[in-house]
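Enquirer: In this note's numbering, the protein residues as written are 44 to 130. In this text, a Cβ means the ideal position worked out from N, Cα and C, and glycines have one as well. Remember, predicted model here, so these are calculated numbers, not experimental data. Could you have a look at this structure, given as structure tokens, before my questions?
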Amino acid sequence: MSGKREGMSPEGFLLAGLLLLLLGILLLVLGMRGMGEGRVEGGGVIVIGPLPIAFGTSEGMAKAMAAAGLVLALLFLFLLLRGWKGF
44 MSGKREGMSP EGFLLAGLLL LLLGILLLVL GMRGMGEGRV EGGGVIVIGP LPIAFGTSEG
104 MAKAMAAAGL VLALLFLFLL LRGWKGF
């Protein structure tokens with residue numbers, strides 16, 4: 044063992060998170076520029092253990108939340124099987 048740590052440093056994760064946050068804010072601002080009055084939809088995902096429960100105000104939003112829940116469940120499974128390393 045060389046003692047070298049593999050993976051990203053905590054500072055790298057912090058920087059990546061901040062960059063993703065700024066990108067998300069920028070996308071929200073750009074997306075709202077051309078908006079007039081429109082229809083509002085909402086939805087969410089409740090994760091109980093590894094099982095996601097999706098809901099939405101419309102069928103399309105419920106399907107989008109179900110897809111997001113599936114991604115979260117797969118990410119959880121991946122991290123569980125790989126082992127949570129680095130923290």
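#1: Could you have a look at residue 83 and say whether DSSP puts it in helix, strand or coil?
#2: For residue 110, does the count of other Cβ atoms within 10 angstroms reach 16, so buried, or fall short, so exposed?
#3: So residue 95 and residue 112 are in contact, right, with Cβ under 8 Å, and what is the actual spacing, rounded?
#4: Report yes if the C-beta distance between residue 84 and residue 101 is below 8 Å; otherwise report no.
#5: Does the distance from the CB of residue 104 to the CB of residue 88 come in under 8 Å?
Expert: In short:
#1: coil
#2: Residue 110 comes out exposed.
#3: 3 Å
#4: yes
#5: no
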